[in-house]
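Enquirer: Each residue of the sequence shown is one higher than the last, beginning at 5 in the working numbering. Before anything else, here's the structure in question.
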Amino acid sequence: PTSWGVTHQQWGLDWLVNALGDASADYYPGNLKLNGHPTIVPFRTAVQALGSAGPQTSPYIQLNAGAGHWYGHLAPRMGPLTPMFTSDEDWIDGCLGDAAADPDGHGGETEGGRVRGKDRRRRLASGPASLGRASKHERPPPARAGVSGGGPQRGLVSEHFLTTHWRMLLVGRKGSGMFNHKDTLQTTSYQLQLQGAKRWHLCSPVHDRVLDALGNAFATDNGGAGRLSLFRPDYGRYPSLRSLDCFVDDVMEGEAVFYPREFWHETDNLYDWTVSLSGSLVGPRNGAHLARQLRASCADAAASEGGRRAAGSQSAPLDFIQPSADLCRHYERCLQWWEDGFGLATHRWVPAAAGSNATAAWLRSPAAADMRAAARREDRGAVSRAVGRPSQDPGRAQGLQGWVASATAMEAAAAARPADRCLLSDHEAMVAVLRDKGRSRSLGDARRS
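Written out as structure tokens, the structure is:
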């Protein structure tokens, strides 16, 4: 058992098909290894095709959940979640969900008991580790603009979910997964393992120089997987891989994985009928980056309507469905929420390159060497001292709850650090989280074993 009660009965495919069967899904019959372009079919059709596929094909399904799917079916079934995974509820509800009832953006009490806008901003100011203390998942979800329970996919919340892939349900057979890549969306991400198990390979952006140079080996021009997998690295052909210090971990049913912005990741499903749910989060260390992306996408969408493409923007637009003009207008409210709540203006954010340089320098320091040595000895107290946080004892909790305590502590500590160390803090968080599970090892460890 885990703190959020995953069972085969709760998340079986029969229930999923009954709840989400008519939703559109991306079906990859060749698991991205043959072709990165999916077939768009109803979810129930994709599940049927996945079940009847041959053992060597490893098909894969991706369903982008709209607000009706999330609030009407998936979120209520989660039970209470740790605050880390509900920290986007306030701003989504405040700047998108209240759009119809509160056009001036001041918030206000509703029949659903939502908090007034200024109070929600005050809660945002305490950072993502403390948001959502009274999780909306502990009671029936509040009404959203244009969304009624599990009803039609409409309204600004649904459009935001669908255009950014904010919530995704992933289903795959053994051997399916995703090649090594970075997410387009500049958010922190998490993935909850609902059924089966998934192997993860995670690399900090301090290794961008090596991994960027191998991009064509990871993915083909048609969007499929390339010849190189970091689960089976070819050191003879790619000797630069020996310089990596990354993480490999098996995320089991009832567990979750959390990775910060800009982290490279590759996945491999270990069992047939592996089901997981991914989500995105905004926090003090990625809000400005995401704001630039959303503004660039809105500018690109506006330019496309006039028959031309936007040029010269500082941040490339998202490679997703273009947002509507209405959503773009309300995004400006969201961005103001982030700046007010997190207390960080856009101009105060340091470019990723500076953070990467700071992280690379720190990883060469004696403190980093001490941290890695302590981790290999499984000395959690020494790891905690090396990264400058109080010692955690995840052995007192089970499953998800054990490592989330560490992740939450690291997220809170990192938020208080100078902006130019944001990526350094990301790497520290990954070390703490994965080492605290007691089963993880770095790629360097795996190579030597």
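The beta carbon of each residue, even a glycine, is placed where N, CA and C say it ideally should be.
Could you tell me the alpha carbon to alpha carbon distance between W15 and A201, rounded to whole angstroms?
Expert: Here residue 15 is taken as the residue at index 11 of the sequence shown, counted from 1. Here residue 201 is taken as the residue at index 197 of the sequence shown, counted from 1. In a straight line, the C-alpha of W15 is about 14 Å away from that of A201.
Enquirer: For D304, which beta-bridge partners are listed by DSSP?
Expert: The count along the sequence shown starts at 1 and reaches residue 304 at position 300. Partner(s): none; D304 has no beta bridge.
Enquirer: What three-state label does DSSP hand Q14 in the structure shown?
Expert: By one-based count along the sequence shown, residue 14 stands at place 10. Helix.
Enquirer: Measuring only the C-alpha atoms, how far is L24 from G240?
Expert: For the purposes of this step, residue 24 is taken as residue 20 along the sequence shown, with counting starting at 1. For the purposes of this step, residue 240 is taken as residue 236 along the sequence shown, with counting starting at 1. L24 and G240: Cα-Cα distance of roughly 46 Å.
Enquirer: What is the C-beta distance between Y194 and S282, in whole angstroms, given that I count them as a contact (C-beta under 8 Å)?
Expert: Reading the sequence shown from its first residue, position 190 is the one you call residue 194. Reading the sequence shown from its first residue, position 278 is the one you call residue 282. Going by Cβ atoms, the distance from Y194 to S282 rounds to 7 Å, so yes, they are a contact pair.
Enquirer: Measuring only the C-alpha atoms, how far is L339 from Q326?
Expert: As a first step, residue 339 is located in the sequence shown; it is residue number 335 there, counting from the start. As a first step, residue 326 is located in the sequence shown; it is residue number 322 there, counting from the start. Approximately 18 Å between the Cα atoms of the pair.
Enquirer: Buried or exposed: R246, going by 16 or more other Cβ atoms within 10 Å of its Cβ?
Expert: Residue mapping note: residue 246 aligns to position 242 of the sequence shown, counting from 1. The residue in question, R246, is exposed, as its Cβ has fewer than 16 Cβ neighbours within 10 Å.
Enquirer: Drop a sphere of 10 angstroms on the beta-carbon of D26, count the other beta-carbons inside from all chains shown, and report buried for 16 or more, exposed for fewer.
Expert: As a first step, residue 26 is located in the sequence shown; it is residue number 22 there, counting from the start. Result: exposed.
Enquirer: Between the beta-carbon of R231 and the beta-carbon of A221, is there less than 8 Å?
Expert: Locating residue 231 in the sequence shown gives position 227, where the first residue counts as 1. Locating residue 221 in the sequence shown gives position 217, where the first residue counts as 1. For R231 and A221, yes; Cβs fall inside 8 Å.
Enquirer: Return the bridge partner residues of D254 from the DSSP annotation.
Expert: The sequence position of residue 254 within the sequence shown is 250, counting from 1. According to DSSP, which records beta bridges pairwise, D254 is partnered with R203.
Enquirer: Look up R171 in the DSSP assignment and give the residues it is bridged to.
Expert: For this step, residue 171 is matched to residue 167 along the sequence shown. R171 is bridged to G283.
Enquirer: Exposed or buried, H265, counting other C-beta atoms within 10 Å across all chains shown (16 or more means buried)?
Expert: Translated into the one-based positions of the sequence shown, residue 265 becomes position 261. Strictly speaking, residue 265 in this sequence is Arg, with His absent from that position. Result: buried.
Enquirer: On a CA-only basis, which of V21, Q60, C99 is nearest H73? Give me that one, please.
Expert: Here the question's residue 73 lines up with position 69 in the sequence shown. Comparing Cα positions, the closest option is V21.
Enquirer: In chain order, which beta strand (DSSP E) runs of at least 3 residues are fully inside the region 12-81?
Expert: Within the region 12-81, the complete beta strand (DSSP E) runs of at least 3 residues are 28-32, 43-46, 64-68.
Enquirer: Can you tell me whether D238 is helix, strand or coil according to DSSP?
Expert: The residue labelled residue 238 in the question sits at position 234 within the sequence shown. In the structure shown, D238 sits in coil (DSSP, three-state: anything other than H, G, I, E or B).
Enquirer: Counting C-beta neighbours from all protein chains within 10 Å, is the total for P288 16 or more, i.e. buried, or is it exposed?
Expert: In the sequence shown, residue 288 corresponds to position 284, counting from 1. With 16 or more Cβ atoms within 10 Å of its Cβ, P288 is classed as buried.
Enquirer: Could you check the C-alpha separation between D253 and I44 for me, to the nearest Å?
Expert: Position 249 of the sequence shown, counted from the first residue, corresponds to residue 253. Position 40 of the sequence shown, counted from the first residue, corresponds to residue 44. Each residue's alpha carbon lies about 31 Å from the other.
Enquirer: Quick one, which of L234, L248, K178 has its alpha-carbon nearest P209's?
Expert: The sequence position of residue 209 within the sequence shown is 205, counting from 1. Nearest option by C-alpha distance: L248.
Enquirer: Output needed for L17: all residues of its chain with C-beta closer than 7 Å, excluding positions within five of it in sequence on either side, in chain order.
Expert: Here residue 17 refers to the residue found at position 13 when the sequence shown is read from its first residue. Once the five neighbours on either side are set aside, the close Cβ partners of L17 are V51, W277.
Enquirer: In this structure, does DSSP put Q297 in helix, strand or coil?
Expert: Residue numbering aside, residue 297 sits at position 293 when the sequence shown is read from its first letter. Looking at Q297 - three-state DSSP - the assignment turns out to be helix.
Enquirer: Which of helix, strand or coil does DSSP assign to Q197?
Expert: Here residue 197 refers to the residue found at position 193 of the sequence shown. Here Q197 sits in strand by DSSP.
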